[in-house]
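Going by this note's numbering, the first residue of the sequence shown is number 1, and it counts up by one from there. Yeah, the Cβ is synthetic: ideal placement off N, Cα and C, and Gly gets one too. Accompanying notes for the structure given below.
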Amino acid sequence: MNNHQTLYLNTVQEYNRQIMQLLGMGTQADRKELERLSGIMKKLKSSLQKLNSETDKFKRYVNNPSKYKAALKPYIEFLETTKAEIEKVGKAT
């Protein structure tokens with residue numbers, strides 16, 4: 001497996017990690033926090049669905065690591081943003 005393919009798998013695993021973290025936080029959250037967590041979850045779900053819909057593009061770029069990484073970059077940046085949002089909600093509790 002190439003480095004850029006490993007990066008794809010790590011990205012998908014990070015989606016899963018963040019979703020599981022949100023679910024765990026939701027079990028102890030009050031109504032206001034649940035609304036914030038729900039908003040983050042919706043954004044994660046939408047982004048993950050978009051990533052999944054672009055599977056053909058990633059298959060096309062499998063032999064071109066720079067294009068592959070460029071196509072994956074917005075998803076990685078998005079995950080960094082949501083990670084910060086989750087941490088912010090976690091500190092508020």
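Within-8 Å CB hit, residue i to chain D
i, result
"T27", "The structure shown contains no chain D; it is built from a single protein chain."
Rounded separation between residue i and residue j - CA only
i, j, result
"R60", "T81", "27 Å"
"S66", "L48", "21 Å"
"E2", "L72", "The sequence given here places Asn at residue 2; Glu does not occur at that position. Cα to Cα, N2 sits roughly 14 Å from L72."
"N10", "E35", "28 Å"
"N64", "S46", "26 Å"
Contact check, residue i vs residue j, beta carbons under 8 Å
i, j, result
"L44", "Q18", "yes"
"F78", "Y68", "no"
"Q21", "I86", "yes"
"L37", "G26", "yes"
Nearest-angstrom Cβ-Cβ length linking residue i and residue j, presumed shorter than 8 Å
i, j, result
"E14", "V89", "E14 to V89, Cβ: 17 Å. No contact."
Residue i classed as buried or exposed, judged by whether at least 16 other C-beta atoms fall within 10 angstroms
i, result
"A29", "buried"
Closest by C-alpha distance to residue i, when choosing among the options
i, options, result
"N16", "S53, T55, M41 and A70", "M41"
"Y8", "K83, K91, T55 and R31", "T55"
"Q5", "S46, V62 and S53", "V62"
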